[in-house]
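So the protein lines, in turn, are chains A and B. Just so you know, the first sequence maps onto residues 1 to 335 in this note's numbering. Just so you know, the second sequence maps onto residues 1001 to 1335 in this note's numbering. First up is the structure itself, then whatever we jot down about it.
Protein chains: 2
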Amino acid sequence: MLFENIPLACGSGGRLTSELIKEIFLKNFSNEHLRDLEDSAVLNLDSRNIAFTTDSYVVNPLFFPGGNIGKIAVCGTVNDLSVKGAVPLFISCGFIIEEGFPLETLKKIVLSMKKAAEDAKVKIVTGDTKVVERGKADKLFINTSGVGVFGKNSALNQKNIKPGDYIIVNGDLASHGIAVLNARNNLGIKGDIKSDCAPLNELIHKCVLPYNPSSVRDATRGGLGMILNEAALSCGYCIEIDEDSLPVSTPVKSACDMLGIDPIYAANEGKAVIFISEKSAKNALNSMRKHKYGKKSAIIGKVSSKRGGKVWIKTSIGAERMITMPEGEQLPRIC
Amino acid sequence: MLFENIPLACGSGGRLTSELIKEIFLKNFSNEHLRDLEDSAVLNLDSRNIAFTTDSYVVNPLFFPGGNIGKIAVCGTVNDLSVKGAVPLFISCGFIIEEGFPLETLKKIVLSMKKAAEDAKVKIVTGDTKVVERGKADKLFINTSGVGVFGKNSALNQKNIKPGDYIIVNGDLASHGIAVLNARNNLGIKGDIKSDCAPLNELIHKCVLPYNPSSVRDATRGGLGMILNEAALSCGYCIEIDEDSLPVSTPVKSACDMLGIDPIYAANEGKAVIFISEKSAKNALNSMRKHKYGKKSAIIGKVSSKRGGKVWIKTSIGAERMITMPEGEQLPRIC
């Protein structure tokens, strides 16, 4: 490792997070479930498989346009199960609360979790509460873990991505990252910039899985850029996307330009990246566009066997550049 | 609620934790799984049940005689599944790391988790890493969640505790609480005081479940006193324990006397409280005493129908006093 003390950038979801996970966690906990490094583990219980996932949420600020830490904590875990092809059923929640945290604020957050759980049709079935002294945590951290089951379909895996697959996203990118940054720093950016935080299970199960995708991933920390790099590394093929086809709303695009942030690396909390054969892509796209969380779905690129394991983008002026894993810390504590 | 801002005592595992859970979490997330407020939720997946549990660990200091935050994080979740009667199989881990945390220390903790997982025969199958800015968390917090399955036995529930049941614990009480307090405050207490942190799945599955216990609970935060109160409230019967029969090691007893701590309320990390019929108690006790984590197992009391829903202790001098739920914060951040 290049560091002795853990830098903030290890929480970015980029290359340093990936190194830390491989060097410290994978080396010790190595097993067939963990090695895939996907959004959920697929576990065999006798004759049936279940999906199991966990995420801790440390987003700052706790409230932002479009959501709060509680809504993200439920949606994030629902999405991690859903993109694996599982039906999310049960969620746990572990609260780490800073002493002195206002009870009313906790109530609001818990109410958001309840609503998000109802929206996603999951049950919050077990929990834990810890309180630490003032100054020993930043207000509130929430962990959610989730269990899901597989229906007729089996678990998805990015190893199954094939040359010729089209890549679809279900709408505007980067809005979560920019909404949180704007709320955190009082940037005063005008325009309607709201987090896209949403549970994607219905969209994925009704509009994507029936068309047999090769893989579906959840583009959160590290954004689309990180997910595409992980996918390219895992399947070994080349991913080519087209800058002009990337859906980014006008206010988010202006904010990104102003702040020098590449929307490809900014976080989403309600964006699935779908790899699907050319012949099924159009049907999936049409179906997705009819769903409330998929209205702006777009084909953004495809998988090719020309150059292995890398991600390339064709820019508006026709040039090509490589999209690498995000390096340092672009936006800390985005989720 | 009696408070507007969350006091540290809400993390004690005592009456205030219980109030917070009932007022805020149960009111919003209410469902049949959560309502029992036991160590794990029992969930039905088609024809089979699984157990699911979560715990966040914020123990201070991270290392103490007998264990560290990583060992507790694995053992605690293994034990929560085991006392429900489930075979623990899969563990998730979510790390919240303070920026600047030494990588070497993280490696040591992860190695302890690996060893504890091997000892308990569970797999760590999915994880998450977040890093927060310096000063925004106290070094390291770990969440573990766990999934277990049921063998021939069905899930245990403290509602099944019956009058006449004997109460067994598997050894010396209060050593975890005192070991952590001693390590935290450099109290310089002499004698061999080590945390009892251990995975109890083998003990429970080999030496307890074959004798059909009514219920098994895990006496962690809030100690034996909290668990007995929860059990009495849930089953509606009276629990009577005998002070002279409580196993407490001499150095722990001296430390408790010196510090004014009641060992009944001090935390354990490897103590199961077993409720079992009179005719099976002796066989279970004999079997437990042959196991490495049960050598000092003892019968400490019994369940009676005389007085409902309360816990009484007969003291050494023959007097009786009620054991209520622990009130304030005896030992913050004990696990």
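For glycine and all other residues, C-beta sits at the position ideal for the given N, C-alpha and C.
Item to check | the region 207-217 of chain A in contact with the region 272-287 of chain A per 3-pair CB rule at 8 Å | outcome: yes
Checklist entry - What's the C-alpha gap between Ile-227/A and Cys-1207/B? => result Looking at the two C-alpha atoms, the distance is approximately 48 Å.
Next on the checklist: As a quick exercise: from Pro-1163/B, Lys-1290/B, Ala-1231/B and Asn-1068/B, pick the residue whose alpha carbon is nearest that of Asn-1157/B.
Outcome noted: When only C-alpha atoms are compared, the closest one is Ala-1231/B.
Next on the checklist: If we require 3 or more residues per run, which beta strand (DSSP E) segments fall completely within the region 1121-1198 of chain B?
Outcome noted: 1123-1132, 1140-1149 and 1166-1169
Checklist entry - Since Val-1059/B and Arg-1333/B are thought to touch, with beta carbons under 8 Å apart, how far apart are those beta carbons, to the nearest angstrom? => result 6 Å
Next on the checklist: Please give the ranges of any alpha helix (DSSP H) in the region 267-325 of chain A, keeping only runs that are unbroken, at least 4 residues long and fully inside the region.
Outcome noted: Fully enclosed alpha helix (DSSP H) runs of 4 or longer: 278-289.
Item to check | Identity of the residues DSSP links to Leu-1089/B by a beta bridge | outcome: The partner list for Leu-1089/B (beta bridge, DSSP) is empty, contrary to what the question assumes.
Item to check | Straight-line Cα distance separating Val-131/A from Lys-1139/B | outcome: Their Cα atoms are separated by approximately 15 Å.
Next on the checklist: At 3 residues or longer, what runs of the beta strand (DSSP E) sit wholly inside the region 203-232 of chain A?
Outcome noted: 215-218
Item to check | Run of the beta strand (DSSP E) containing Leu-1043/B, from where it starts to where it stops | outcome: 1041-1045
Next on the checklist: Strictly below 7 Å CB to CB, what residues from chain A border Lys-1282/B?
Outcome noted: Near Lys-1282/B there are no residues of chain A at all, since even the closest Cβ is about 34 Å away, more than 7 Å.
Item to check | Bounding residues of the alpha helix (DSSP H) (the contiguous stretch that carries Ile-1069/B) | outcome: 1069-1082
Next on the checklist: Just to make sure I have the definition right: I need the residues of chain A whose C-beta is within less than 9 Å of the C-beta of Val-1132/B. Which are they?
Outcome noted: Leu-8, Gly-11, Val-58, Asn-60, Ala-137, Asp-138, Phe-141, Pro-332 and Arg-333
Next on the checklist: Using the Cβ count rule (16 or more neighbours within 10 Å means buried), how would you classify Lys-1271/B?
Outcome noted: buried
Item to check | chain A contact residues for Phe-1025/B, given Cβ-Cβ distances below 7 Å | outcome: Val-110 and Gly-127
Checklist entry - With 8 Å set as the bound, which would you pick, yes or no: does the beta-carbon of Ala-41/A sit closer than that to a beta-carbon of chain B? => result yes
Next on the checklist: Would the region 136-151 of chain A count as touching the region 84-103 of chain A if we require 3 or more Cβ pairs under 8 Å?
Outcome noted: The way I'd put it, the region 136-151 of chain A does touch the region 84-103 of chain A; three or more beta-carbon pairs between them come closer than 8 Å.
Checklist entry - Is there a Cβ from chain B that is less than 8 Å from the Cβ of Ile-317/A? => result no
Item to check | Beta-carbon neighbours of Phe-63/A, restricted to chain B and to distances below 8 Å | outcome: Under the 8 Å cutoff, chain B gives no residues; its nearest Cβ is about 17 Å from Phe-63/A.
Next on the checklist: Which same chain residues end up closer than 8 Å to Lys-71/A when comparing Cβ atoms and leaving out the 5 residues on each side of it in sequence?
Outcome noted: Here the set comprises Ser-112, Met-113, Lys-115, Ala-116 and Cys-197.
Checklist entry - Going by Cα to Cα distance, which pick from Tyr-1265/B, Ile-1276/B, Ile-1239/B and His-1291/B is closest to Lys-1314/B? => result The shortest C-alpha separation from Lys-1314/B is found at Ile-1239/B.
Checklist entry - Below 8 Å between beta carbons: does that hold for Ala-155/A and Ala-51/A? => result yes
Checklist entry - Taking the DSSP output, what are the residues bridged to Ile-96/A? => result Lys-130/A and Phe-141/A
Checklist entry - What separation, rounded to the nearest whole angstrom, lies between the Cα atoms of Cys-10/A and Leu-16/A? => result 5 Å
Checklist entry - By the criterion of Cβ-Cβ separation under 7 Å, what are the contact partners of Phe-52/A in chain B? => result Phe-1090, Ser-1092, Val-1125, Thr-1126 and Val-1147
Item to check | Helix, strand or coil at Phe-64/A [DSSP, three-state] | outcome: strand
Item to check | chain A contact for Phe-1275/B (CB, 8 Å cutoff) | outcome: no
Checklist entry - Hey, out of Ile-168/A, Asp-192/A and Met-258/A, whose CA is closest to His-176/A's CA? => result Asp-192/A
Checklist entry - Whose Cβ in chain B lies nearer than 9 Å to the Cβ of Ile-300/A? => result Here the premise fails: no neighbours, minimum Cβ distance about 27 Å.
Checklist entry - Are Gly-294/A and Ala-179/A touching if we call contact CB-CB under 8 Å? => result no
Item to check | CB contact flag (Ala-1120/B, Asn-1201/B, <8 Å) | outcome: yes
Checklist entry - Hey, does Ile-69/A have any beta-carbon neighbour from chain B nearer than 8 Å? => result So no, Ile-69/A is outside the interface.
Checklist entry - Using the rule of at least 16 other Cβ atoms within 10 Å of the residue's Cβ for burial, across every protein chain shown, is Lys-84/A buried or exposed? => result buried
Next on the checklist: According to DSSP, simplified to helix, strand and coil, what is Ile-24/A?
Outcome noted: Three-state DSSP puts Ile-24/A in a helix.
Next on the checklist: Does Thr-126/A pass the burial test, meaning 16 or more other C-beta atoms within 10 Å, or should it be called exposed?
Outcome noted: Counting C-beta atoms within 10 angstroms of its own C-beta, Thr-126/A has 16 or more neighbours from the protein chains shown and is therefore classed as buried.
Checklist entry - Do we get a CB-CB distance below 8 Å when we pair Pro-1102/B with the residues of chain A? => result yes
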